[in-house]
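Student:
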Amino acid sequence: MSLIVARKAENQLSIVSDTKLTYPDQETRRTKDSPSDGIIKSVIINSEICVSFAGEIDYAVMAIKEILDGDSVSKIIETLKKYHIQSEYRTEFLLCYSKLELTIYKFKNNEFGAVASSWIGV
2 MSLIVARKAE
12 NQLSIVSDTK
22 LTYPDQETRR
32 TKDSPSDGII
42 KSVIINSEIC
52 VSFAGEIDYA
62 VMAIKEILDG
72 DSVSKIIETL
82 KKYHIQSEYR
92 TEFLLCYSKL
102 ELTIYKFKNN
112 EFGAVASSWI
122 GV
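So the sequence shown is numbered by the numbering used here: it starts at 2 and just counts up by one.
Okay, structure coming up:
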């Protein structure tokens, strides 16, 4: 179970995210017993951009590895959209940024767009 929530209120943006602690295969489960072994689901790209994810982790990892610190917001949106589609919508993303104004951009259930608040989770 995953849950990431983002909310914009006036000139503040809040993101709350859990940590991945469950793993699909038994071998990984046996080697990862501590909460400190979890995977952080909100990744700060730079001082203006944060990407959060829920769902199938492999697609999220590929997307985040492809995003570079200097990428434009439009390029990051296209990258996240690509991996959301490739995952057959099983990997969801929230892109939060503060370039000109605070923005939350959601990728969920094959829907993409800016929202005032949102949650993702599987």
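Every residue gets a Cβ at the ideal spot worked out from N, C-alpha and C, and that includes glycine.
Closest by CA to Tyr90, which one among Cys97, Ile40, Lys107?
Tutor: Residue 90 sits at position 89 when you count from the first residue of the sequence shown. Taking only the C-alpha atoms, the option nearest Tyr90 is Lys107.
Student: One question on the structure: do Phe94 and Phe54 come within less than 8 Å of each other, judged by their Cβ atoms?
Tutor: What you label residue 94 is simply residue 93 of the sequence shown in a count that begins at 1. What you label residue 54 is simply residue 53 of the sequence shown in a count that begins at 1. In this structure, Phe54 lies closer than 8 Å to Phe94 by Cβ.
Student: Could you check whether Ile68 and Ile46 sit closer than 8 Å to each other, using their CB atoms as the reference points?
Tutor: If you number the sequence shown from 1, residue 46 lands on position 45. If you number the sequence shown from 1, residue 68 lands on position 67. Result yes, Cβ atoms of Ile46 and Ile68 sit closer than 8 Å.
Student: Within 10 angstroms of the Cβ of Ala10, are there 16 or more other Cβ atoms? Answer buried if so, exposed if not.
Tutor: Mapped onto the sequence shown, residue 10 falls at position 9. Exposed.
Student: What is the DSSP secondary structure of Ser119, reduced to helix, strand or coil?
Tutor: Start at 1 with the first residue of the sequence shown, and residue 119 comes out as number 118. Reduced to three states, the DSSP call for Ser119 is strand.
Student: Quick check for students: name the residue ranges of the beta strand (DSSP E) that lie wholly in the region 44-96, counting only runs of 3 or more.
Tutor: For the region 44-96, the full-length beta strand (DSSP E) segments reaching 3 residues or more read 50-56 along the chain.
Student: Identify which residue in Ile50, Thr20, Asn110 has its Cα closest to the Cα of Lys76.
Tutor: On the sequence shown, residue 76 is found 75 positions in, with the first residue counted as 1. Considering only alpha carbons, the answer is Ile50.
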